[in-house]
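J.: Residue numbers (the numbering used here): 5 to 355. All C-beta atoms in this analysis are idealised placements derived from N, C-alpha and C, irrespective of residue type, glycine included. Mind looking over this structure? Questions follow.
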């Protein structure tokens with residue numbers, strides 16, 4: 005078998021055949037092993053409530069084909085006599101592939117834990133959900149940055165010089181993308197200061213709606229009419245924000261007017277009528293009712309009360325009930341509401 009002794013790139017044909025067989029067998033064994041473990045972990049994870057088996061399953065599910073091939077190549081190369089240059093290239097490539105695999109694993113784990121946290125806390129603690137979502141991005145950014153630095157160092161780059169160069173270049177980049185950076189820092193301000201969180205009902209100028217998403221550049225709000233409003237974070241924080249979700253009580257001020265023909269006795273009783281009506285309502289705290297002043301066509305009263313709920317529908321139901329009762333009471337007491345009128349006096353001329 006002289007053919008097997010033929011030397012090709014410092015290795016005999018026999019060594020090359022053994023290396024290829026080792027590569028193929030390694031690849032098949034690794035694939036079968038991963039598939040076997042995944043199958044059993046999927047069955048186990050459905051029966052348990054712990055996250056450990058889910059995490060291990062994710063790690064196996066995220067193993068890339070390229071990683072398996074590189075490991076198989078490394079095993080095959082052990083049966084060959086390789087010079088130092090080729091060995092170093094193989095090691096560098098292996099490290100780079102492993103770093104990519106580590107990035108995929110890290111990204112998957114961060115996403116898994118954030119999603120799990122959001123599912124359990126979304127209804128109870130929207131502020132924590134907003135914070136954790138932002139921390140997830142920062143964690144991924146730190147992960148990718150660290151892995152890129154390790155990869156560059158593995159390739160022989162001088163990290164100290166590179167970082168110094170990035171410091172100078174970073175100034176130019178910052179000037180070019182200052183609007184994006186402004187939105188990024190505004191996003192961090194929203195997360196840390198929490199002027200609003202996901203689920204809050206807010207009003208910005210003439211726009212209003214419920215916060216659905218706080219991103220790195222924009223915040224998305226679902227309006228009352230159904231469409232999605234998108235604000236840049238920087239513009240949002242520059243505006244006056246009214247957050248109704250954090251309102252424990254709603255102060256209600258409304259007015260009404262009666263005609264000038266109303267008697268003084270009726271005027272004195274009106275505040276008492278209104279007080280009785282409001283105090284009969286549930287979840288309401290009466291404040292005051294006063295004869296405010298003399299209008300162009302009415303005698304004006306001002307009424308103030310508090311609704312012990314932030315819910316808008318509750319407020320409207322109570323206000324509706326109060327309005328109906330006031331109308332019925334005034335009708336029974338023969339008190340007339342005022343409305344704009346004009347009286348014309350026509351003087352008959354003498355001929």
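Determine the burial state of residue 93: buried for a count of at least 16 other Cβ atoms within 10 Å of its Cβ, exposed for fewer.
T.: Its Cβ having fewer than 16 others within 10 Å, residue 93 is exposed.
J.: Would residue 237 be called buried (16 or more neighbouring beta carbons within 10 Å of its own) or exposed?
T.: Residue 237 comes out buried.
J.: Between 216, 210, 240, 332, which has its C-alpha nearest residue 194's C-alpha?
T.: Checked all of 216, 210, 240, 332; the closest Cα to residue 194 is 240.
J.: Among 281, 143, 219, which one has its Cα closest to the Cα of residue 189?
T.: Residue 219 is the option with its Cα nearest to residue 189.
J.: Rounded to the nearest angstrom, how far is the Cβ of residue 252 from that of residue 325, given a contact under 8 Å?
T.: At roughly 21 Å, the Cβ-Cβ gap does not stay under 8 Å, so residue 252 and residue 325 are not in contact.
J.: Would you mind listing the alpha helix (DSSP H) stretches within the segment 16-102 that are 4+ residues and don't spill past its ends, in chain order?
T.: DSSP runs (the alpha helix (DSSP H)) wholly in the segment 16-102: 17-49, 56-65, 69-81.
J.: Mind checking residue 204: buried by the 16 CB within 10 Å criterion, or exposed?
T.: Buried, because 16 or more other Cβ atoms sit within 10 Å of the Cβ of residue 204.
J.: What is the rounded straight-line gap between the Cα of residue 268 and the Cα of residue 303?
T.: Roughly 11 Å between the two C-alpha positions.
J.: On a CA-only basis, which of 244, 221, 224, 197 is nearest residue 210? Give me that one, please.
T.: Considering only alpha carbons, the answer is 244.
J.: Can you find the residues in the same chain that come closer than 7 Å, C-beta to C-beta, to residue 148, ignoring five residues on each side of it along the sequence?
T.: Excluding residues within five positions, the ones whose Cβ falls inside 7 Å are 107.
J.: Using the rule of at least 16 other Cβ atoms within 10 Å of the residue's Cβ for burial, across every protein chain shown, is residue 309 buried or exposed?
T.: With 16 or more other Cβ atoms within 10 Å, it is buried.
J.: How many Å lie between residue 200 and residue 105 at the Cα?
T.: Taking the straight line joining both Cα atoms gives about 37 Å.
J.: Following the continuous beta strand (DSSP E) through residue 232, name the residue where it begins and the one where it ends.
T.: Element bounds for residue 232: 232-236.
J.: Please determine if the segment 287-302 and the segment 260-278 are in contact, where contact requires at least 3 C-beta pairs separated by less than 8 Å.
T.: As far as the Cβ criterion goes, the segment 287-302 touches the segment 260-278, which means the pair count is three or higher.
J.: Buried or exposed, going by whether 16 or more other CB atoms sit within 10 Å of the CB of residue 39?
T.: Residue 39 is exposed by the Cβ-count criterion.
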